[in-house]
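Take a look at the structure set out below.
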Amino acid sequence: MATIKKFQVTFDCADPERLARFWCEVLGYVVQPPPKGFDSWDAYHRSPESEKTMGWFACSDPSGVGPRLLFQRVPEGKVVKNRVHLCTRVGTGLVGEERLATLQAESARLVALGAVQERVLLADEENESCIVMQDIEGNEFCLD
């Protein structure tokens, strides 16, 4: 039986390019080249081909380690809490006040990009601090 080694995370959204570019800033990802046969994303989006695919945009980890992110336009808006969310690991290895300060600094950076800080979960006997956020379309994610 084959083992899956690579995967893609797909986001349903209203504005694929805007959301993809936001996540590029969050994760240090890069925008993927436009589809074959197009010299730019603008050219692709002006083509009839773009309308057939409902609109999509993708970005990837320039190191090739992280998963590709695909953003696809859907007609309906987000109405409930995500069943799956991304945890961005900005505080790995840090504890206590140092961890919280690092998370808060990253939260401030992302809020400047349009994210919303939902709540801060402070460390307790079992867990270190994390911050629950929302991206520019309301999708929940954590700074962990």
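When we follow the numbering used here, the leftmost residue of the sequence shown carries the number 1, and every step to the right adds one.
The beta-carbon is built from N, C-alpha and C at its ideal position, and this holds for glycine as well.
Since the model is a prediction, treat every value here as computed from it, not as a measurement.
Can you say whether residue i is buried or exposed, counting buried as having 16 or more other CB atoms within 10 angstroms of its CB?
{"i": "Ser107", "result": "buried"}
{"i": "Val90", "result": "buried"}
{"i": "Cys59", "result": "buried"}
{"i": "Ala115", "result": "buried"}
{"i": "Leu19", "result": "buried"}
{"i": "Val26", "result": "buried"}
With distances taken between CB atoms, is the gap from residue i to residue j smaller than 9 Å?
{"i": "Glu14", "j": "Arg73", "result": "Residue 14 is actually Ala in this sequence, not Glu. A contact, by the Cβ cut-off of 9 Å."}
{"i": "Asp144", "j": "Trp23", "result": "no"}
{"i": "Arg154", "j": "Val132", "result": "Any question about residue 154 goes unanswered here, given that the chain covers just 1 to 144."}
{"i": "Phe11", "j": "Asn139", "result": "yes"}
Keeping to the same chain, check which residues put their C-beta closer than 8 Å to that of residue i; ignore five residues upstream and five downstream.
{"i": "Asp99", "result": "The residue asked about is misnamed: residue 99 is Arg in this sequence, not Asp. Same-chain partners within the cutoff: Gly91, Ala123, Glu128 and Ser129."}
{"i": "Val9", "result": "Pro67, Arg68, Leu69, Leu70 and Leu86"}
{"i": "Val95", "result": "Ala123 and Glu128"}
Note down, in chain order, each residue of its chain lying with its Cβ closer than 6 Å to the Cβ of residue i, except the 5 sequence neighbours on either side.
{"i": "Asp61", "result": "Tyr29"}
{"i": "Leu86", "result": "Phe141"}
{"i": "Phe38", "result": "Tyr44"}
Tell me, to the nearest whole angstrom, how far the beta carbon of residue i is from that of residue j; I am working on the premise that it is less than 8 Å.
{"i": "Pro16", "j": "Phe71", "result": "4 Å"}
{"i": "Pro48", "j": "Phe7", "result": "The pair is not a contact, with the Cβ atoms about 31 Å apart (cut-off 8 Å)."}
Would you list the residues sitting across from residue i in a DSSP beta bridge?
{"i": "Trp41", "result": "Beta-bridge pairing links Trp41 to no other residue."}
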